[in-house]
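Keeping their order, the protein sequence lines are chains B and C.
Read in my numbering, the first sequence has 1235 at position 56, and its numbers run on one by one without any break.
Read in my numbering, the second sequence has 80 at position 30, and its numbers run on one by one without any break.
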Amino acid sequence: MKRVLCELGELRGLWRAALALVALCAPFPAHALSAESGMQGMAMTALESAKSGLAERIQDLRMASSEVGRISEALAAAVLGGEGVRALTYLLILILVGCGAEWLYWTYASAPLRVIKATRAVSRRHAARLALRRMVLLGAGLLLFAVATIATSAAFTWPAGVHAAVVAATFAVVVVRLAWMAVDLIIVPGPAHRAPQRLVPLLQGQVHWAAACVLGVALALAIGGFVPALIEPIAGARHVAGALRVLAASLTAALLVSTLLLLSRRSNRGEKGDSGARRRLPQFPRAIVVVLLVVAVYGLWLLGAETAAAIAAIVSIVIALQLVSRVLVFYFWEAEIAADAEAAEARTGAEVIDPSLAPSIVLSVARFIIVLLGLGACALVLNAPMSDMAKSPHVLVRLGFELLGVAALALFAHVAWIVIRTTIDHRLERIGPINAGDPHGEPSPNARLLTLLPLLRTTAAVSILVMMVLSSLWALGIEITPLLAGAGVIGLALGFGAQALVRDIIAGIFYLAEDVFRVGEYIESGTTTKGTVERITLRTVALRHHNGPLHFVPYGALGTVRNNSRDWVIDKFNLPLPIDADSEKIRKMIKKIGIAMLDDPEVGHMLREPLKGKLYRIDPGVKIFRCKFETAPGNQFDVRAQAFKRIEAELKAMGVKFADGVQTVVVERPPLLMDAGTAQA
Amino acid sequence: MPIKSLLRTLRLVSGLILMLFVVGHLANLAIGLKSLEAMQAWLAHLMAPWQTPVGKFLLVGSMLLHVALGLYSIAARHSLAMSRTDVVQLVLGLCTPPLLLAHVIVMSMGSKLATAFEPSYGQILSVYWSFAPMLAFQQLFAVIFVWVHGAIGLYSWLVLKPVWRRIGGAVVPLLFGVPILALLGFAEAGKEVLDKLANDAAWRTDITAMVELLNPVRAELDAIQARILTVYGGLLLLAVAIFAGRRLYNRLTPVRVAYDEGLSATGVRGQSILDVSRLNGIPHADVCSARGRCGTCRVHVVAGMDHLSPLNDIERATLARVGADAGDRLACQARVLASGVSVVRVLPAFVETSAAHDSGAWMADSAGDAASGPAA
Ligand code: HEM
Ligand code: FES
């Protein structure tokens, strides 16, 4: 079951990624359609541009070395002079100010940081909270450094072109430090006793590789991103810039591929070492897919299709994150989920159907946010600012934008549904079945909840769905006012027509709210229908008669309800004995039986008041004794049977017979015949 | 005075004397913000004390002593586990002699070899800003390195003293203000010099003639510099070799230390308990960064007291100052000689410098926080 759900979750992730792709491609079809030459022509153009792109890269690499010589000479000439000295002087002041500001900050902040570091994380979520606090402290320091450096740099009159270089270098430093911060907060490289602070499920042997990979990639990207942008305009060295980019990209790809292969090998080995219990079905190795993706993105980039490569990279990252988001999110609730599963297994012997509430919500929100971020990144890459998209003349773009709104609504509805469903399901699960095991036992006190909650769940589902559909129509720009008005008119008409239905439903709500009956109770309604409440639906209650037939009674027709299953019942029955029976003796005998029955293993616990009897009426030839006892509802039959059994045995022992059903007609006869008459009584 | 604290005091005093000289020198540079002339005029006043025989002796003696003690402190190490600040301080300190040497030699020997040579700010700044900018780079780095090295030393010494509360507010701005003003003065004076060189032909010929005076003795100056650098490099290598040899030899005998909270860690023979904590990422208070001054690293030794190095004088004094219990040791001074040592950290890893003055009060102060703080 869990597997299927996992799979479903992944499918849903994939589906969302596909949606994102569609939304992304929305701006493209126009080009595609206007290219008159069709598929083949397009392929040829793509191939041509790929060829020239590759040629350009190779050219960059070939020419770079000669250009480096030229630049370094030019740079040396520029630096070795008054200008260079001035630049270095200012740069050193800048470093003093930036580092000094941060150092000053740390003289205050390092003690709190050490407090957090020394705190033991008691759970994964606690670790996340600690990491958040650490992030605030570290981030403030980094921010202070960046702001102080950049603000101070504005105070100097730099030699031409140097200021831009200084700011770019500061940004590069900030990027690398951010990566380092992320590594320190999330991967937490370090000895095993820091493992509880880790926010991702990595093995101890993997963390250092993962950390090195992230840092290396950040470094490569910072160099590839900032340095060429500086070299190109200042020194006019196009080829060196290009070569640097190629180097940075190659380094990134190599780092990613090697780390992925290494990590997947280690984790495989780790799993085998685990135990046989967690054996997995054979799967296509995901690491290979990811490696192929990395290689594909790198290849696209190398062929000059930089935008396509960026979008492919973003889409791959989004898909990859969708695939692992479940694991990543549930990692923080591992303890609870394990406990839940154990409890459910102990109760029902089956796996849990539903994970707990919080991770499900976090998961769906996280998935949505991932897609949103991916779309935002794509928009940045495509240079299509979001603010214009809503007003774009392009219908498809607008549609895509509006679909995004609908997706947000869907997320909202989804979260609301998860909240309601999970809360109700968990509540139901905790209550347990109506009457544990024993179908004739007393219904559990929560039976009413048991009847109301599923009702509530369905109602919630329907109303959420309706609201969601209506608001998404509205978000898509479809006029829903007539729809609503029409619904109102139809509702009115239906209301008149369905008065009975409405009455039933309203009456039902009151019956339930006033706790007139619950599932499992034996009730009698107005006239003839009686039986055990088996099911409570929106309009009817199903009563199982003790002979078998199931009555479906609409609430409106229920009328007065006689509930036989509440609190207690008093059962009375008559005992006809011959007229010459000694009343006092019989009364004592019945009382004794009553007391004895209290200790009976079968019925003793059901009795609330013991059996008692007294002379009730004297009819000609018969003395009628009335007996009564009080039990919990539904048990009177058993108790009565038991009482009869004991009374009969006792009477036999006493030599008293039951009065026979033949009415003795006393006829004034000669005394001779009298004997026969009495002998018969 | 026992040897260990004597060495420490000597290093501190020599460092402070050097620092005093550097402050004066940098203040002189800062006057460049006003004008080149003012700079030159103040040179005589600010540098006069160091021209006297006593001043000269103090300066040169401090320089030699301080470098020697710095190298000794490397040779005497048992591990490379240092705080980040200490690494910065050590590396910057070691880089200083090669960077500073050219300047020092020209200033001190130049006038001896070429008798007509008479250094002035105008001329040196011309060299830096126009004739040989490479020297300017070297000098700029030297200034920053020396200053950061010295500032770290001064700060980490002062911050543990009770007076820091009163003077800290004045010292910290100085630590940043002095080098920044000096660099700004250097830049302003540089502008003036470049301007003069371009527009004042007479001045320019003067300067050029003076700089050319040094040309004949250049080879000799270079030779002196090379010799000093070789000696320094040799001594540095020796210090590093002693450290590495001891480290490699001790590697043969790993030792194990048990901590409270069920932690335990492995180091090698001769390392201090604090070294072992740092190398294994075990949180451990070290407010003075293992200088044996603060007492926050102290541990209560539960077992294996005889497997630790005997008390040295620094440790004894600090333990007495902080009022430690019997059986307490300073983790940064007590070196582990064999396995079987079991300790309990007395102070939490996150104590602040104020805990160095009075750890009892600090613990009482933060008892409320500490109970709820880290656990929450
Ligand atoms: C020439 C090369 C230098 C070397 C190799 C050097 C080395 C050292 C070393 C190893 C320390 C000890 C750090 C510790 O406590 O563990 C130190 C401290 C110190 N140095 Fe230097 N130093 C040099 C130059 C300077 C200069 C030029 C100054 C003056 C600005 C200076 C000022 C200081 C100060 C104030 C201390 C703090 C004293 C202490 O904490 O004991 N040093 N130095
Ligand atoms: S660290 Fe300060 S005395 Fe040991």
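Heads up, the beta-carbon is just placed ideally off N, CA and C, and yes, glycines get one too.
Keep in mind the model is a prediction, meaning the values are calculated, not measured.
Which residues in chain D sit within 8 Å of residue i, going by Cβ to Cβ distance?
i: C/LEU313; result: Among the protein chains of the structure shown, namely B and C, there is no chain D.
Beta carbon of residue i: closer than 7 Å to some heavy atom of the ligand FES?
i: C/THR403; result: no
i: C/ASP136; result: no
i: C/ARG33; result: Any answer about residue 33 of chain C is impossible in this case: the structure gives chain C only from 51 up to 426.
i: C/THR346; result: yes
i: C/VAL337; result: yes
i: C/CYS382; result: yes
i: C/LEU324; result: yes
i: C/THR368; result: yes
In this structure, how does DSSP classify residue i when only helix, strand and coil are distinguished?
i: B/ALA1256; result: helix
i: B/TYR1701; result: strand
i: C/ASP363; result: helix
i: B/PHE1335; result: coil
i: C/TYR309; result: coil
i: C/HIS402; result: Per the sequence shown, residue 402 of chain C should be read as Glu rather than His. Coil at C/GLU402, not helix or strand.
i: B/CYS1806; result: strand
i: B/THR1716; result: coil
i: B/GLY1813; result: coil
i: C/LEU62; result: helix
i: B/ASP1750; result: strand
i: B/ARG1723; result: strand
i: C/ASN249; result: helix
i: B/ILE1774; result: helix
i: B/ALA1692; result: helix
i: B/VAL1497; result: helix
i: C/SER389; result: coil
i: B/ASN1742; result: strand
i: B/GLU1788; result: strand
When every heavy atom of the ligand SAH is checked, does at least one fall within less than 7 Å of the C-beta of residue i?
i: C/ALA340; result: With respect to small molecules bound, the structure shown includes the ligand HEM and the ligand FES and not the ligand SAH.
For residue i, which residues from the same chain have a beta carbon less than 6 Å from its beta carbon, with the 5 sequence-adjacent residues on both sides left out?
i: C/LEU76; result: VAL228 and ALA232
i: B/ILE1599; result: ALA1639
i: B/ALA1347; result: PHE1405 and LEU1409
Tell me which residues share the same chain as residue i and place their Cβ nearer than 7 Å to its Cβ, disregarding the 5 neighbours each side in the sequence.
i: B/LEU1649; result: ILE1659
i: C/LEU57; result: LEU119
i: B/VAL1247; result: VAL1419
i: B/HIS1724; result: LYS1709, GLY1710 and HIS1730
i: C/ASP250; result: none
i: B/ARG1303; result: TYR1510, PHE1511 and GLU1513
i: C/ILE124; result: ALA289, VAL290 and PHE293
i: B/LEU1479; result: ALA1487, ALA1488 and ALA1491
Give every residue of the same chain whose Cβ lies closer than 8 Å to the Cβ of residue i, excluding the five residues on either side of it in the sequence, and list them in chain order.
i: C/ASP310; result: VAL393, VAL394 and ARG395
i: B/LEU1364; result: ALA1310, ARG1313, MET1314, LEU1317 and LEU1378
i: B/MET1785; result: THR1810, ALA1811, ASN1814, ASP1817 and VAL1818
i: B/MET1833; result: LYS1764 and MET1768
Can you list the alpha helix (DSSP H) stretches of 4 or more residues lying completely in the region 138-174 of chain C, in chain order? Those alpha helix (DSSP H) runs which fall completely within the region 138-174 of chain C and span 4+ residues do not exist here.
Minimum length 4: unbroken alpha helix (DSSP H) runs contained in the region 1259-1326 of chain B: Entirely contained in the region 1259-1326 of chain B, the alpha helix (DSSP H) runs reaching 4 residues are, in chain order, 1261-1297.
Residues from the region 1251-1265 of chain B in contact with chain C, defined by Cβ distance under 8 Å: Within the region 1251-1265 of chain B, those residues whose Cβ lies closer than 8 Å to any Cβ of chain C are, in chain order, VAL1258, LEU1259, GLY1260, GLY1261, GLY1263, VAL1264 and ARG1265.
Listed in chain order, which residues of the region 192-217 of chain C have Cβ atoms closer than 7 Å to some Cβ of chain B? The residues in question are ILE194.
Residues of the region 1729-1754 of chain B in Cβ contact with chain C at a cutoff of 7 Å, in chain order, please. Listed by position along the chain: nothing, the set is empty.
If the cut-off is 7 Å on Cβ atoms, which residues from the region 177-190 of chain C count as contacting chain B, listed in chain order? Within the region 177-190 of chain C, the residues whose Cβ lies closer than 7 Å to some Cβ of chain B are TYR178, TRP179, SER180, PRO183, MET184, ALA186, PHE187 and LEU190, listed in chain order.
Which of the residues in the region 218-245 of chain C, read from start to end, lie with their CB under 9 Å from any CB of chain B? For the region 218-245 of chain C, the set of residues with a beta-carbon nearer than 9 Å to any beta-carbon of chain B comprises VAL222, LEU225, PHE226, PRO229, ILE230, LEU233, LEU234, PHE236, ALA237, GLY240, LYS241, VAL243 and LEU244, in chain order.
Given a limit of 9 Å on CB to CB distance, which residues of the region 320-345 of chain C reach chain B? When CB distances to chain B are screened at a threshold of 9 Å, the residues of the region 320-345 of chain C falling below it are ASN330, GLY331, ILE332, PRO333 and ALA335, in chain order.
The region 386-407 of chain C: positions lying closer than 8 Å to chain B by Cβ: Result list: PRO398, ALA399, PHE400, VAL401 and GLU402.
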